[in-house]
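Below: the structure, in structure tokens.
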Amino acid sequence: MIRVSRLRKTFGSTVAVNDISFEVKEGEVVGLLGPNGAGKSTTMRMLTTFLDPDSGGIEIAGYDALDQPIEARRRIGYLPESAPLYEELGVLESLNYTAKIRGLDGAARKRRVDEMVEACGLGAVTHKDIGQLSKGYRQRVGLAQSIVHDPAFLILDEPTTGLDPNQIKEIRALITKLGAKKTIILSTHIMQEVQAVCSRALIINKGNIVADGRPDQLVTQSAKTGCRFSLTVRGAVRERATAAFSKTDGVRSVVVEGEVGDLLHLTAVGANDGVADELFRTAVREQWVLRELRLERASLEDVFSQLTLGNATGAGAKAANKEDQA
Amino acid sequence: MNAVLCVAGKEFKTYFKTPVAYVFLVVFLALTGWAFFFLGNFFEQRAATLRDMFGFLPWSFLFVVPAVCMKMWAEERKIGTFETLLTMPLSEVQIVLGKFLAAFGLVAVALALTFPLPVIVGMTAASSVDFGPIVGGYIGALFLGAAYVAICLFASAITESQIVAFILGAFLAFGLALIGSQSVAGIFPSAIGELLQLLSLQTHFMNIERGVVDSRDVLYYLSVLTFFLMLNVAAVKRR
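Taken in sequence, the protein lines are chains E and R.
If you use my numbering, the first sequence corresponds to residues 1 to 326, in order.
If you use my numbering, the second sequence corresponds to residues 1001 to 1239, in order.
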């Protein structure tokens, strides 16, 4: 169990983390989401006792992390952003060093290091120096090192940043595998990652928690505004189509998105997903050819944009976000 | 203690994985050899002491000890391992001591490798050899080296840049050595001059090098050592 209460950290006049509280139960895989500079890394650095908070408390497995940092550290495995490692050391040397510092010795250490090599798929690179490894392998060594002492809690700061799509898949699979018996907090700004590996998402913006829940819950909550349908019909006149679909049962609004030749693209917002049937019937009644009818699920990305950018949404929001970062 | 030795062992081994240790040893031995043979005019004098070699140590250490210490903390900060290291179940004191022992160990190895010089003195001296000052000289050299290492390690702890760490370490050590020399201490009124000499790394070393291991000098080196190691711990705690 990790219990964080009213945690606050400032750097000069910048408030990095503003009075956040949350709990993480055993076995949870929590995704810490937020735009760059939201306070994810700072939060993790405080959880791992690297940074001291200005105020607030952290409890790790019953230990006060501020009073007994060493006890807290024994129970945590931590992989900082971009997996920092000692380039000059060999893969085995590096694992052995961490294991030794973590208090493992003799046969126990050897067994554990072998297990890590096996679990993290490092067999092919044991004879290499870390400086020679690809980014994907470095990440694996970093992961292996962070769990060599079999900690109950695993804290991973952007574990897949900078990897190619295949490596991302591998690392995610590895996290899922390793995470079966651990409590994990990982930060990311990739939404699919949260949907792929996390049982819970915490969205942080400007040092505050703005959402907390299961990823699908968050999506459903934000979808209270209704279900969005994307439709394409052929043979309809713009005005006639808008009018007919607007009058369809359960439809709240209809917007024409565009016209290509005799194809008309529209977006309709309905009360629920059953509205699709009604839209279909309307098209049949009007003798329009229905080329496409698709329910657009709100994604975590939409939720994220809504929560972290106020009322801006969609493409505009993404552009604004990019400008923000630039 | 185990953890301290573990950190020390890793750091010490790392020295020999990079050219650092070899360059350090070669340059140090070359400087020391030069001081012994040429500064001391060995071939003509056949002196029965190593005084010239020891006398040059505060200055040759100035070049080589900062080089041995500069990466200790600065590189950890630069590549980010600072964060993993400081979230290991170790106290800052243990890590600082581990790193200190590794760098000091390398300095001790360098000093040990000068053993042919006393042997040469023993074999060739024109007069009988008093080994007291030679043993005293080595003990003093270890203390001096330890103090330099502590100073340079602290310099490395407050920057990400190894070059800054080198320059800062050399500058601090140079300053602490220089204030005791006549050319600096002499320009101040005698009270201040004496105080400066009391604080100087070099003055205390000259006592030991004469063959007198005085508890005051030992105490002085231990104080410098403790002071800079504590500063180092504080710098690391500040993150």
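All residues carry an ideal CB built from backbone N, CA and C; glycine is no exception.
All values derive from a computational prediction rather than experimental measurement.
What does the Cβ neighbour count give for residue i, buried or exposed, with the cut at 16 atoms within 10 Å?
i: residue 48 of chain E; result: buried
i: residue 12 of chain E; result: exposed
i: residue 177 of chain E; result: exposed
i: residue 1022 of chain R; result: exposed
i: residue 6 of chain E; result: exposed
i: residue 1314 of chain R; result: Any answer about residue 1314 of chain R is impossible in this case: the structure gives chain R only from 1001 up to 1239.
i: residue 112 of chain E; result: buried
i: residue 324 of chain E; result: Reliability fails at residue 324 of chain E, whose pLDDT of 41 lies under 50, so the model's placement of it is uncertain and no value is given.
i: residue 123 of chain E; result: exposed
i: residue 1223 of chain R; result: exposed
i: residue 317 of chain E; result: A caution first: residue 317 of chain E carries a pLDDT of 37, below 50, which makes its placement in the model unreliable, though a value can still be read off. Residue 317 of chain E should be labelled buried.
i: residue 166 of chain E; result: exposed
What in chain E is Cβ-close to residue i, meaning under 7 Å?
i: residue 1080 of chain R; result: 80, 82 and 84
i: residue 1018 of chain R; result: 88
i: residue 1006 of chain R; result: 100 and 101
Identify the contact partners of residue i in chain R, using a Cβ-Cβ distance below 8 Å as the criterion.
i: residue 51 of chain E; result: 1239
i: residue 70 of chain E; result: 1089, 1090 and 1091
Give the interface partners of residue i over in chain E, defined as CB-CB distance under 8 Å, in chain order.
i: residue 1222 of chain R; result: Correct list: empty, because the minimum Cβ distance to chain E is about 28 Å.
i: residue 1014 of chain R; result: 86, 88 and 89
Does the beta carbon of residue i come closer than 8 Å to any beta carbon on chain R?
i: residue 315 of chain E; result: Confidence at residue 315 of chain E is low in this model, with a pLDDT of 38, below 50, so the placement of that residue should be treated as unreliable; the coordinate-derived value is given next. Taking Cβ atoms only, chain R never reaches closer than 8 Å to residue 315 of chain E, which makes this a no.
i: residue 97 of chain E; result: yes
i: residue 126 of chain E; result: no
i: residue 48 of chain E; result: yes
i: residue 73 of chain E; result: yes
Hey, is residue i's beta-carbon within less than 8 Å of any beta-carbon in chain E?
i: residue 1087 of chain R; result: yes
i: residue 1010 of chain R; result: yes
i: residue 1084 of chain R; result: yes
i: residue 1102 of chain R; result: no
Going by alpha carbons, who is nearest to residue i out of the options?
i: residue 1184 of chain R; options: R:1197, R:1023 and R:1173; result: R:1197
i: residue 190 of chain E; options: E:180, E:295, E:168 and E:209; result: E:168
i: residue 265 of chain E; options: E:242, E:274, E:271 and E:23; result: E:242
i: residue 79 of chain E; options: E:144, E:21 and E:63; result: E:144
i: residue 1236 of chain R; options: R:1141, R:1156 and R:1044; result: R:1156
i: residue 1015 of chain R; options: R:1099, R:1132, R:1080 and R:1171; result: R:1099
i: residue 1234 of chain R; options: R:1058, R:1219, R:1055 and R:1091; result: R:1091
i: residue 327 of chain E; options: E:284, E:281 and E:246; result: No information on residue 327 of chain E is available, as it lies outside the stretch 1 to 326 that chain E covers here.
i: residue 193 of chain E; options: E:277, E:63 and E:31; result: E:31
i: residue 212 of chain E; options: E:286, E:21, E:2 and E:69; result: E:21
i: residue 1132 of chain R; options: R:1101, R:1170, R:1232 and R:1051; result: R:1051
i: residue 45 of chain E; options: E:179, E:156, E:180 and E:209; result: E:156
i: residue 1082 of chain R; options: E:104, E:66, E:51 and E:197; result: E:51
i: residue 1193 of chain R; options: R:1204, R:1201, R:1181 and R:1202; result: R:1181
Quick check: does the Cβ of residue i come within less than 7 Å of any heavy atom belonging to the ligand PLP?
i: residue 1090 of chain R; result: Ligands displayed in this structure: none; no statement on the ligand PLP is therefore possible.
Can you name the residues of chain R whose CB is closer than 9 Å to the CB of residue i?
i: residue 102 of chain E; result: 1088 and 1089
For residue i, go through chain R and note every residue whose CB falls closer than 7 Å to its CB, in chain order.
i: residue 328 of chain E; result: The requested residue 328 of chain E is not part of the displayed model; chain E covers only 1 to 326.
If the cut is a Cβ gap below 9 Å, which residues of chain E does residue i touch?
i: residue 1283 of chain R; result: Residue 1283 of chain R is absent from the model: chain R starts at 1001 and stops at 1239.
query: Per the contact definition of three or more C-beta pairs closer than 8 Å, is the segment 1065-1075 of chain R in contact with the segment 1152-1169 of chain R?
result: yes
The segment 249-257 of chain E in contact with the segment 296-306 of chain E per 3-pair CB rule at 8 Å: no
- request: Please confirm if the segment 138-152 of chain E is in contact with the segment 41-59 of chain E, defined as three or more CB-CB distances below 8 Å between the two stretches.
  value: Counting Cβ pairs under 8 Å, fewer than three are found: no touch.
- prompt: Would you say the segment 110-128 of chain E touches the segment 81-99 of chain E, given that touching needs at least three Cβ pairs under 8 Å?
  reply: Using a Cβ-Cβ distance cut-off of 8 Å, the segment 110-128 of chain E and the segment 81-99 of chain E are in contact, since at least three pairs of beta carbons, one from each stretch, lie closer than that value.
query: On the three-pair Cβ rule with 8 Å, is the segment 286-297 of chain E touching the segment 228-235 of chain E?
result: yes
message: Under 8 Å, with one C-beta from each stretch per pair, do the segment 1171-1184 of chain R and the segment 1081-1096 of chain R reach the 3-pair mark?
response: no
Contact between the segment 1025-1042 of chain R and the segment 1098-1116 of chain R (3+ Cβ pairs under 8 Å): yes
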